[in-house]
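For the sequence shown, the positions run 664 to 904 when the numbering used here is used. Where is the CB? At the ideal position from N, CA and C, for every residue including glycine. Here is the structure we will look at, set down as structure tokens.
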Amino acid sequence: MTHQHTAWDTPAADPKGTTPAMTSPADLHGHLTAHLGGAARAWLDQALDEAAAQPGIHGPISVWELRLAEAGRRCGPEHADAVRVLILHAARAGTDALTRVYSQGTAAERRSVLHALPHLVDGPDALPLVEDALRTNDTRILAAAVGPYAARHLAPHHWRHAVLKCLFTCVPVDEVAGLERRAHADAELARMLGDYAAERTAAGRPVPEDLHRVLTLTDPTATPPAQSAQHGARGTDGKES
Numbered sequence: 664m665t666h667q668h669t670a671w672d673t674p675a676a677d678p679k680g681t682t683p684a685m686t687s688p689a690d691l692h693g694h695l696t697a698h699l700g701g702a703a704r705a706w707l708d709q710a711l712d713e714a715a716a717q718p719g720i721h722g723p724i725s726v727w728e729l730r731l732a733e734a735g736r737r738c739g740p741e742h743a744d745a746v747r748v749l750i751l752h753a754a755r756a757g758t759d760a761l762t763r764v765y766s767q768g769t770a771a772e773r774r775s776v777l778h779a780l781p782h783l784v785d786g787p788d789a790l791p792l793v794e795d796a797l798r799t800n801d802t803r804i805l806a807a808a809v810g811p812y813a814a815r816h817l818a819p820h821h822w823r824h825a826v827l828k829c830l831f832t833c834v835p836v837d838e839v840a841g842l843e844r845r846a847h848a849d850a851e852l853a854r855m856l857g858d859y860a861a862e863r864t865a866a867g868r869p870v871p872e873d874l875h876r877v878l879t880l881t882d883p884t885a886t887p888p889a890q891s892a893q894h895g896a897r898g899t900d901g902k903e904s
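Shown next as structure tokens:
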């Protein structure tokens, strides 16, 4: 699966704002059907049929793994994440298959694995992939890593550091799934944010606006956010930690 990085690995923003981790596979497919040209739709249908016919991993590389590498070229960079998530879903990729794609793939393929996690893995088995992604400084991978799967399964200590990592790297905290619920009344997160703000101020550097926003969310006197199911993900956007 390892191959040269190309322009197809750097997708443009989806004009419709479809977020693969937060959108059901059925809705992702409908979105792609409406926006892809005829040749791209035919390629996608064939790729999904191949993945469904031979799910899981087979030998050194499966047919559907090859299709992941082609997704940007075949369907356009703006749709590549959604296409890859659908292929992984059709292949019924479990933790072992997802780990192989993540470890051998390009940055774009790693990002797609992270987007696919809430659709494919019920429990915490795939957390090592999220934890690895949180060690990178690639902002697109970081944004994918703090999606609904992390909101549900990442331990409080690691989740707090993920929020801080977003602030360090200027990843908008809007990318952090379940932020309001998990930050609510989190005194330790408030302490960490306060320390970071003090360090920035002492160094004569500005404090990110997002830090003030998250700090406000930690207020225990604020009305806690209602529990709500994330569209397209399994269960809620997180669990109490």
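Here the alpha carbons of ALA753 and ILE804 stand approximately 22 Å from one another. Counting along the chain, ALA885 sits inside no alpha helix (DSSP H), nor does DSSP assign it H or E at all.
Per DSSP, the unbroken alpha helix (DSSP H) holding LEU792 starts and ends at 790-796. When the Cα atoms are used, TYR765 and GLY857 turn out to be separated by approximately 35 Å.
Around the beta carbon of SER687, fewer than 16 other beta carbons lie within 10 angstroms, which makes this residue exposed. Using a 10 angstroms sphere on the CB of VAL726, the tally of other CB atoms stays under 16, which defines it as exposed. Residue range 688-698 is occupied by the alpha helix (DSSP H) that includes PRO688. In the structure shown, VAL834 falls within a coil segment according to DSSP collapsed to helix, strand and coil. Taking the C-beta atoms as reference points, LEU749 is found nearer than 8 Å to LEU691.
Between GLU838 and LEU880, the CB-CB gap reaches or exceeds 8 Å. DSSP places LEU856 in the uninterrupted alpha helix (DSSP H) bounded by 850-865.
Around the CB of PRO869, fewer than 16 other CB atoms lie within 10 Å, so the residue is classed as exposed. ALA760: member of the alpha helix (DSSP H) spanning 758-767, first to last residue. Look at ILE724 here: in three-state DSSP terms it is coil, with no helix or strand label. DSSP places LEU817 in no alpha helix (DSSP H); its state is neither H nor E. Using a Cβ distance threshold of 8 Å, VAL826 and VAL793 do not count as a contacting pair.
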